[in-house]
Each structure stands twice: as C-alpha cells, then as structure tokens.
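Written out below as structure tokens is the structure these notes cover.
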Amino acid sequence: AINGPAAGAGASLALACDVRIASEAGSIGFSFNRIGLHPDWGATYFLPRVVGLGRATELILSGRSVPAAEAERIGLVDRVIPSERFRDEVRAYATALAAKPPLALAAAKRTLARSLVGDLEEVLLAEFAAQMECFRSADAREGIGAFVEKRTPTFTGE
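To convert, take the position in the sequence shown, counting from 1, and add 20; that gives this note's numbering.
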C-alpha cells in the first residue's frame, strides 16, 4: 500500500509486491540518478516486467515522480483509492485475502511467476501439478464442501 511518496528503494520494494494499491496522495519515483546512484533493490528487474522496457527506461532515466493516477494508468499500481477511504479499503482487501486458501494462493503465485520464463507447455504442466496439489488438500475439501452447502469456507492452509 502506497499512501504518500515511494521513492528510490521504497519504489523498488513496492514493485516486488504482488499487488500495489495507492491512495490518491501516493506517488512512485525512481530518483536514484538525482543523487548519482544506480537503481537498486530490484528496480531494474521488476520495473521492465511491470511497465515494459521503454517505459521503465524513461522512468529510471528521468527520475521523475509518477502521481498515483498516472501510475495506475501505466500499470505501475493496480488500484488507486481516495485518500479518505484508503486505510479502510486496504484493510478490507488484506482481510479478504487472508481468508482465502493459502495453498492455492501460493501455488497461483508460483505458476504466475513461472509464466514469465517458461513456455506454454511448461506453464500448463505447472498448472496441472499445482491443481493436483491443491485438489489433495484439506482446503479444497473445505472449499468444495462449503460451496455445496452454500456457506463461507474456513481455510487452514492444510
């Protein structure tokens, strides 16, 4: 969650997050060259993967700060929330994520990451393996049972 300026290493750390949510007051800047430094904390790894090489180059060379609305438009953040609702909405989002099946979320994250380096066949095989892993879990039994019984599931990560 970005509720103000995220610059330099702070911007790099934000890029390493699975989801980036900013308040209207948020901004992201890769200002390393303003003080004679090279981008670090993974900026040159994550930024091109998030916004493409051309835009990443422009952001790193310019060192400019990107306001939240523009950051959302170019894919640097996933969502912008009005400042007055920011904390409540981010908390609600985190609570909703925490209630989801941890094994399935972890498997999805692994497969998504693999999609950046593997070909389609590799990714399909990884998806199948992850699906089988999840299918054998207590969480899957709970999720399917809850669906059939029309109730909210309680996941344990088992």
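Even glycine gets a Cβ: it sits at the ideal position worked out from N, Cα and C. Remember, it's a predicted structure, so these values are computed and weren't measured experimentally.
Looking at the DSSP output, Pro-87 bridges to Ser-47. Taking 8 Å as the upper bound for CB-CB distance, Ser-47 and Ser-85 are in contact here, some 5 Å apart.
With distances taken between CA atoms, Val-39 lies nearest to Leu-96 out of Gly-177, Ala-124 and Leu-96.
In this structure, DSSP gives Ile-101 an extended state, which the three-state scheme calls strand. Secondary structure at Ile-41: strand, using DSSP grouped into helix, strand and coil. Ranked by Cα distance from Ala-128, the first of Asp-139, Ala-114, Arg-75 and Gln-151 is Gln-151. Each residue's CA atom was taken as its position, placing Arg-99 and Cys-37 some 13 Å apart. Counted as a single uninterrupted DSSP element, the alpha helix (DSSP H) harbouring Ala-124 occupies residues 122 to 135.
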